[in-house]
Amino acid sequence: MKVIEVKKLTKYYGKNRGVENLSFSVEEGEIFGFIGPNGAGKSTTIRLLLNFLYPDSGKATIFGKDCFKDSSEIKKTIGYIPGEVNYYGNVRVKELLEYSMTFYKGSKLQFKKRMIELAERFSLNLEQKIDELSLGNKKKVAIIQSLIHKPKLLIYDEPTNGLDPLIQNIFFDLIKEENKDGVTVFFSSHILSEVQKLCFKVAVIRDGQIVSVENIDDLTTRQYKKVKLSGDVDITSLSGVSNIKRENNSVSFIYSGNINHLINFLSKKDVKDVSINDPSLEEIFMKYYTKGE
Ligand SMILES: Nc1ncnc2c1ncn2[C@@H]1O[C@H](COP(=O)(O)OP(=O)(O)OP(=O)(O)O)[C@@H](O)[C@H]1O
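Using our numbering, the letters of the sequence shown correspond one by one to residues 1 to 293.
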């Protein structure tokens, strides 16, 4: 079942392109990574999904419901963390979270229990005033707020910004637990290593359009290899090569293709040393971030 479905969505801000003819879908139970360079259209996509913006044309549905007509109904079943977290500051964390509970149907006792559990897990003091919180601690409030009502879909816009590595790990464990319980996750990020750690699938958006959708496992273990060679080896006639880097008497590159072809090619060359490893997502996707490629 498709949890999110976007078809030919276009949004211009005056003359500025937000997204253009954007299409993709997210299946139930996926942790779907959404990456792309600055200004690619990630936040615009999320704001459209949440009906904070109205599109010029195209369609978007969540759980089969229209994002622009049925948004209030949709919002009851999702959890959201915005890229920038801004709260009214003159209230305690507990008061803010208890207020946000009133938007959802369900047992308030259960919601409060979950609030206390999550606050303990993130070492967040519920009695503290919002104004007194650091950026990271405000982000923790947003994480708890997004999960308190047990939503079926999480939409996260760069959620780890401001979190220290320990808290990031706690957060990732939590997302994985939620996902095991059937929750679908739409995860926008700039940090490719975290997308690689967490997501099953990744879509790359560039200039307002999706340029690639891939399964992470296929990408990093099957389709691409990072090769480093020592010796005087001319690789110009080898196809499927990108990201070539030369250093002294060695060359490294990303190889995409049949591994037997690579081994066959190398067997005919004067190779002094070779290493073949799985590349990082960053190494694979760097081409989408580099202008002009
Ligand atoms: N309020 C606005 N007014 C005019 N143009 C805007 C506005 N918001 C976004 N844009 C433009 O829309 C395009 C997409 O922006 P968006 O914020 O969606 O990108 P993004 O992928 O989230 O970027 P980043 O990674 O920097 O957060 C950019 O060219 C941006 O300049």
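Don't be surprised by glycine CBs; every beta carbon is placed ideally from N, CA and C.
This one's a predicted model, so the numbers in the text were calculated from it and none came from an experiment.
Excluding sequence positions up to five away, which residues of its chain have a Cβ less than 8 Å from the Cβ of residue i?
i       : result
Met-115 : Lys-94, Leu-97, Glu-98, Met-101, Leu-126, Ile-144, Ile-148
Phe-172 : Glu-194, Lys-197, Leu-198
Closer than 6 Å by C-beta to residue i: which residues in its own chain qualify, once you throw out the five before and the five after it? Chain order, please.
i       : result
Thr-61  : Glu-5
Tyr-156 : Ile-81, Phe-187
Gly-79  : Ser-146, Leu-147, Pro-151, Leu-154
Ala-40  : Ile-205, Arg-206
Gln-168 : Thr-160
Ala-119 : Leu-126
Leu-262 : Tyr-255
Tyr-289 : Pro-37
Glu-293 : Confidence is the limiting factor: at Glu-293 the pLDDT is only 47, short of 50, which leaves the residue's position unreliable, though a coordinate-based value still follows. Answer for Glu-293: Lys-287, listed in chain order.
Between the Cα of residue i and those of the options, spot the shortest distance and give me the residue it belongs to.
i       : options                            : result
Tyr-87  : Asn-137, Asn-21, Val-26            : Asn-137
Ser-146 : Asn-249, Lys-76, Asn-277, Lys-225  : Lys-76
Ile-74  : Ser-57, Leu-48, Val-85             : Leu-48
Asn-277 : Asp-131, Phe-253, Ile-205, Tyr-104 : Phe-253
Lys-140 : Leu-163, Thr-45, Ser-267           : Leu-163
Lys-150 : Leu-50, Ile-170, Glu-178, Glu-158  : Glu-178
Asn-161 : Asn-90, Phe-172, Gly-83            : Gly-83
Arg-294 : Gly-18, Pro-165, Leu-133, Lys-69   : The structure shown does not extend to residue 294, since the chain spans only 1 to 293, so no value can be given for it.
Leu-50  : Ile-31, Met-286, Asp-70, Leu-198   : Asp-70
Asn-21  : Phe-171, Gly-89, Asp-56            : Asp-56
Ser-230 : Ile-216, Val-241, Thr-221, Glu-247 : Glu-247
Lys-226 : Tyr-289, Val-85, Ser-280           : Ser-280
Asp-66  : Leu-124, Lys-2, Lys-105, Lys-129   : Lys-2
Gly-89  : Gln-128, Tyr-289, Phe-63           : Gln-128
Val-202 : Lys-8, Lys-7, Val-26               : Val-26
Val-85  : Phe-111, Ile-130, Phe-265          : Ile-130
Glu-58  : Ser-23, Leu-166, Gly-240, Ser-72   : A quick correction: the sequence has Gly, not Glu, at residue 58. Checked all of Ser-23, Leu-166, Gly-240, Ser-72; the closest Cα to Gly-58 is Ser-23.
Tyr-104 : Phe-122, Ala-142, Ser-72           : Ser-72
Ser-123 : Lys-112, Gly-106, Asn-260, Leu-166 : Leu-166
Phe-68  : Gly-240, Lys-176, Leu-9            : Leu-9
Please work out which residues of its chain come closer than 7 Å, Cβ to Cβ, to residue i, disregarding the five sequence neighbours upstream and downstream, and give them in chain order.
i       : result
Gln-223 : Ser-256
Ile-284 : Leu-219, Tyr-224, Ile-254
Glu-294 : This structure cannot speak to residue 294, because the chain is shown only from 1 to 293.
Leu-135 : Gly-162
Asn-243 : Phe-253, Ile-254, Glu-283, Met-286
Gly-18  : Lys-11, Tyr-12, Gly-41, Thr-44, Gly-208
Phe-200 : Glu-30, Ile-31, Asn-215, Ile-216
Lys-108 : Met-101
Glu-158 : Gly-83, Ser-188, Ser-189, His-190
Would you call the region 180 to 189 and the region 5 to 14 touching, i.e. three or more CB-CB distances under 8 Å? no
Ignoring anything shorter than 4 residues, give me the alpha helix (DSSP H) runs that lie fully in the region 207 to 277, in order along the chain. 259 to 267
Counting Cβ pairs closer than 8 Å, one from the region 185 to 199 and one from the region 19 to 37, do we hit at least three? yes
Closer than 5 Å between the C-beta and any heavy atom of ligand 1: which residues qualify, listed along the chain? Tyr-13, Asn-16, Gly-18, Asn-38, Gly-39, Ala-40, Gly-41, Lys-42, Ser-43, Thr-44
Below 8 Å, how does it come out for the region 243 to 258 and the region 224 to 235: are there three or more Cβ pairs, yes or no? Per the Cβ contact rule, the region 243 to 258 is in contact with the region 224 to 235 (3 or more Cβ pairs under 8 Å).
Return the chain-ordered ranges of every beta strand (DSSP E) run that is complete within the region 28 to 64 and spans a minimum of 3 residues. 31 to 35, 57 to 62
Taking contact to mean at least 3 C-beta pairs separated by less than 8 Å, is the region 264 to 274 in contact with the region 201 to 219? Counting Cβ pairs under 8 Å, fewer than three are found: no touch.
Ordered list of beta strand (DSSP E) runs contained in the region 123 to 195, each at least 3 residues: 153 to 157, 184 to 189
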